[in-house]
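Chain order of the listed sequences is U and V.
For the first sequence, the tail end lands on 497 under the numbering used here, and the numbers increase by one without skipping.
For the second sequence, the tail end lands on 1137 under the numbering used here, and the numbers increase by one without skipping.
All C-beta atoms, glycine included, are put in the ideal place defined by N, C-alpha and C.
Nothing here was measured: the structure is a model prediction, and the numbers come from that model.
What follows is a set of notes on a single structure, which appears directly below.
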Amino acid sequence: MSDTPPQTPPGSATPPAGSPGKPASRRDRPQTDEESRWHGVFREITSGSAIISVLAVVLALLVGAVMIAVTNDDVQESAGYFFSRPSDLLGDVWGAVSGAYSALFQGSIYNFGRGSFAEGITPFTETLVFATPLIAAGLGVALGFRVGLFNIGGRGQMLIAAAIGGWVAFAVALPYGIHLVAALVAGILGGALWGGIVGLLKARTGAHEVITTIMLNYVAFYLVSYLLREGFLRTPGSNNPKSPASKETAVFPDLLGPDYNLHLGFILVIAATIFTWWLLSRSNLGFQFRAVGENPNAARVAGISVQRMYVYAMLLSGGLVGLAGINQVLGTTTSGFGATVDSGIGFDAITVALLGRSKPWGVFAAGILFGAFKAGSFSMQAAEGVPIDIVLVVQSLIVLFIAAPPLVRAIFRLPTPGDTPLRARPIVVKEVAAK
Amino acid sequence: MKLELRGITKRFGALVANDNINLTVEAGEIHALLGENGAGKSTLMNVLYGLYRAEEGEILLDDKPAHFAGPGDAMKAGIGMVHQHFMLIPVFTVAENVMLGHEETRIGGRLDLAAARLRVKHISDRFGFAVDPDALVEDLPVGVQQRVEIIKALSQDAKVLVFDEPTAVLTPQETDELMVIMRQLKDAGTSIVFITHKLREVREVADRITVIRLGKVVGEASPTATNEELASLMVGRAVDLTVDKAPATPGAPALVVSGLTVIDPRGQALVNNVSFTVATGEILAIAGVQGNGQTELTEALMGLQPRVVGEITLDGKSLRGHSVRQVLDAAVGFVPEDRTEDGLVGGFTIAENLMLDRSHRLPFVKRFNLQLALLAEFATAKVKEFDVRSQGIDTPVGRLSGGNQQKVVLARELSRELRLFIAAQPTRGLDVGSIEFVHERIVATRDAGTAVIVISTELDEVAALADRIMVMYRGRIVGIVPGDTPRAVLGLMMAGEPAPITPEPTTPAPTEGAAA
């Protein structure tokens, strides 16, 4: 059954395969129809047009503005005497929303309050630091999407990458440069290993990757927790479940000097983006990936081994997510890591991949936007007292709007692709399309 | 009841699916609506059935204007539809299916099955349908299921019955029976609209013929018109329905299949102990009603079926147990029967689809890099050679018409050196013009010395292409007969009756018949 598109919900009525790993007969037509409808929705959500992405962000910011206004104390107060002085309310709403969003901007792009350009641009470098792992993990998830795989295992892959790469970074003594490369490669391989298990399970047994990635997240979390407490990741002489600090020789060097946090990881992520772009649009492996993602049946009939592609794709996807994991250990939290070193990036990466429409440079841009949200949310809270949760709500709304393209289209009155007739019937659509 | 459509215009965006169509169906006549795929026949009928609302025009029933907001209104007004794909629930009985949507209940909401059963029996007896009201629909043959659809429409007192491509799924015998039923309905005063693109059936049963092309009525014809006249009306130019081909000059046997059995996951044999050979330079047509093992047979040849017993050799080398890639690399070309599902990646461009089966080696891949310039050059040449009408090689194939999609598949498969070419339902759903083209290419491939297998459920196609015909029924070979075997004999064989005598003048190797 491994030839069936991966989006089939687990437990749907699929005939039992006689021998595992071998494709079953695909002659059950109604089921195939069901699958291709799922397939269509999946593809629409993961690779729709860029304009939907932009509008989803705009919409989410608008809804976020409403929330900022509603939760603001001044606004609540002036709403109490709205009918005697309505202008007060509007003024307060404007003040709350513009204050919050300008704090978000100044905290993430450029701080006008500082004197020199070098100081004013600091927030933007922070944005890039936050964006680095998001882009790497986002590329991994996006690669999975393009092959029709839903990799929710970012957390587990990051943790294993951090554990293996982190161990190389603090326990192995190597000269400067070589140590960095060794730790980096170890981390990427760790992520690839954790992703590859998923690919292998899917190819061999048809196990659905959504289930296996979620379960492997737990396995990775408790495994790393155990290793931090009692295993080889433990800091000697400490009861804290935290690893020793990475050795100086393995840490990513700063790009702009010690005044900024921006490190080598960002360059690596640019390279990863270029690699993923080359892989997907210029290499034959990427060609086969996309063929499997778009239509696994046709790919199989054309001689492409769908199972093998699933394994390769999960290896590469896990490796890219692993880059995000090792980036945390060698770049961001070099003083030792705990079992929460992933800090939710594995899941944010799904949003980034969706917002970036599963295209490498789209993911790059979406990662920077989310990095800006993260960097800006702290200053928004500090300056205006707007809770950080608002930013999380805005991020969640973006996903919501992307997952519901018809909603965005309806709000902005965009034309529906193919202009659906009054009541679409499959037969009729086919007839019209055949012209 | 007299049905009249006046000036119906239906647009989908910029596309005009129906352009000012006028159609009058007198009471008690069979009116055939003839046209190629995509001509707008089904759109028109969906307007009539209330599924679409036309931008312009009106529908008159017995000279009174009628407005249908949905199929419910149309049914109430006496219009019934027999869909191409049956709208029946397989696990329900005939009576339950007939009452579906119009359930009569007794006190307490209990279904009045007895009344429905009686109604089925009544209609069935009246027209001699011989349908058992208590039979489960999934147990019935396709032809009988279609009668259930007819009963369903008649039980709603339909005065106008629309048959949408009703013969696509039937054996020749079942088709003949359907013709008899249609005449009976007509004699009972029912008006019938018969949508089809098969010329022979139209001439056999229709009282009047309206031909639609590109959304417009292009003419009316009487049933006495010849096939060629009707076809040229449909296509808009003269069409040669017979394929020009020289007699085959078969060489040595290329493909030898012996004792091939394909088993499904439930342990049933879908293909049962099949043996045959195909020589170089000949076309073996595999005929049979859909679902009698032809699909599984081709999949087994291609390495797409996991559980295969028996032996397959091509030029003496075994192909059994090989992966699809190995089979393709052994110079086998394959046109799958479902081109959108198995043959093409809809989101890929024409160029990308043209290299789909060569994504692992030269010429299109050099050290992991796609050779895009070379591919563009190749695609441009193939698009020209195969006359693929598109806006360029970067058009996604999903946007092409069926005929152009099939040309892309053919262009891909025929651009390699081939020893064996398997074309499954190569012209299904294509217009007459594209069928001509596809047939010419298949014959040209044969003449180049390739062994060719054509799987088809259309007797016209089998007769046009075959040098020898192998008929399959329930996974077995009924017989292998010469290409000029009469239609009637083939029809009987497709229903499982062995061929009367099977002289095989051109057979290069001993073959086994039904006894195999």
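Residue from the options with nearest C-alpha to residue i
| i | options | result |
| --- | --- | --- |
| V:G671 | V:K1003, V:V1099, V:L820, V:G691 | V:G691 |
| V:A900 | V:N718, V:Q777, V:R1067, V:H743 | V:R1067 |
| V:S980 | U:F337, U:V159, U:A361, U:W340 | U:A361 |
| V:L1138 | V:L1041, V:D1015, V:L820, V:G888 | For chain V, the structure presents residues 622 to 1137; residue 1138 of chain V sits outside this window and is missing. |
| V:L799 | V:L761, V:T645, V:F750, V:L757 | V:F750 |
| U:G408 | U:S397, U:G429, U:T396 | U:G429 |
| U:E188 | U:F207, U:D404, U:Q168 | U:Q168 |
| V:M696 | V:N848, V:V783, V:R768 | V:V783 |
| V:G880 | V:G888, V:A921, V:P871, V:G840 | V:A921 |
| V:R740 | V:R731, V:G730, V:G729, V:D755 | V:D755 |
| V:F748 | V:V769, V:D733, V:L732, V:L644 | V:V769 |
| U:F351 | U:R208, U:L462, U:S111 | U:R208 |
| U:T311 | U:L476, U:V230, U:D150, U:A193 | U:V230 |
| V:E1038 | V:N1025, V:R1010, V:D950 | V:D950 |
| V:L734 | V:D746, V:E825, V:L721 | V:L721 |
| V:I588 | V:F955, V:E657, V:V1030 | Past the boundaries of the shown model lies residue 588 of chain V; chain V is included only from 622 to 1137, so the question cannot be answered. |
Where residue i sits in the DSSP three-state scheme
| i | result |
| --- | --- |
| U:I214 | coil |
| V:V877 | strand |
| V:K819 | coil |
| V:V986 | strand |
| V:L1051 | coil |
| U:R89 | With a pLDDT of 36 at U:R89, under the threshold of 50, the predicted position of this residue should be treated as unreliable, and no value is reported. |
| U:Y172 | coil |
| U:H241 | helix |
| V:K807 | helix |
| U:I284 | Here the sequence assigns Tyr to residue 284 of chain U, which means Ile is not the residue at that position. If DSSP states are grouped into helix, strand and coil, U:Y284 belongs with the helices. |
| V:F689 | coil |
| V:S1077 | strand |
| U:G268 | coil |
| V:L1150 | With chain V covering only 622 through 1137, there is no way to say anything about residue 1150 of chain V. |
| U:N389 | helix |
| V:M1091 | strand |
| V:N894 | strand |
| U:D321 | coil |
| V:E798 | helix |
| V:L1035 | coil |
| V:P1017 | strand |
| U:S149 | helix |
| V:P1103 | strand |
| V:E1144 | The structure shown has nothing for residue 1144 of chain V, since chain V only spans 622 to 1137. |
| V:K623 | coil |
| U:G83 | In this prediction, U:G83 scores a pLDDT of 37, lower than 50, which makes its location untrustworthy; no coordinate-derived value is stated. |
Buried/exposed call for residue i, threshold 16 Cβ in 10 Å
| i | result |
| --- | --- |
| V:I904 | buried |
| U:T402 | exposed |
| V:N990 | exposed |
| U:S87 | Bear in mind that the predicted position of U:S87 carries a pLDDT of just 38, short of 50, making it unreliable; the figure below should be weighed with that in mind. Classification for U:S87: buried. |
| U:F432 | buried |
| V:K780 | buried |
| U:W156 | exposed |
| U:A198 | buried |
| U:Y143 | exposed |
| U:A180 | exposed |
| V:P927 | buried |
| V:D1015 | exposed |
| U:G83 | Residue confidence for U:G83 is low, a pLDDT of 37 falling below 50, so the modelled location carries little weight and cannot support an answer. |
| U:K309 | buried |
Closer than 6 Å: residue i CB and nearest the ligand HEM heavy atom
| i | result |
| --- | --- |
| V:A735 | This structure lacks the ligand HEM, and indeed carries no ligand of any kind. |
When you check each C-beta in the segment 976-987 of chain V against every C-beta of chain U, which residues fall closer than 7 Å? Correct list: L977, D978, S980, H981, V986.
Contact residues within the segment 333-355 of chain U, judged by C-beta distance below 7 Å to chain V: For the segment 333-355 of chain U, the set of positions with a beta-carbon nearer than 7 Å to some beta-carbon of chain V reads R344, S345, N346, L347, F349, Q350, A353 in chain order.
Within 8 Å, do at least three Cβ pairs link the segment 319-335 of chain U to the segment 418-429 of chain U? They touch, by the three-pair rule.
Near-chain V residues of the segment 354-388 of chain U - C-beta to any C-beta below 8 Å: Listed in sequence order: E356, N357, N359, A360, A361, R362, V363, A364, G365, I366, S367.
Going along the segment 958-971 of chain V in order, which residues come within less than 7 Å of chain U, judged by CB to CB distance? E962, D963, G964, L965, V966, G967, G968, F969
Check whether the segment 1050-1065 of chain V and the segment 882-897 of chain V touch, using three or more Cβ-Cβ pairs below 8 Å as the test. no
Does the count of Cβ pairs from the segment 991-1003 of chain V and the segment 381-388 of chain U closer than 8 Å reach three? no
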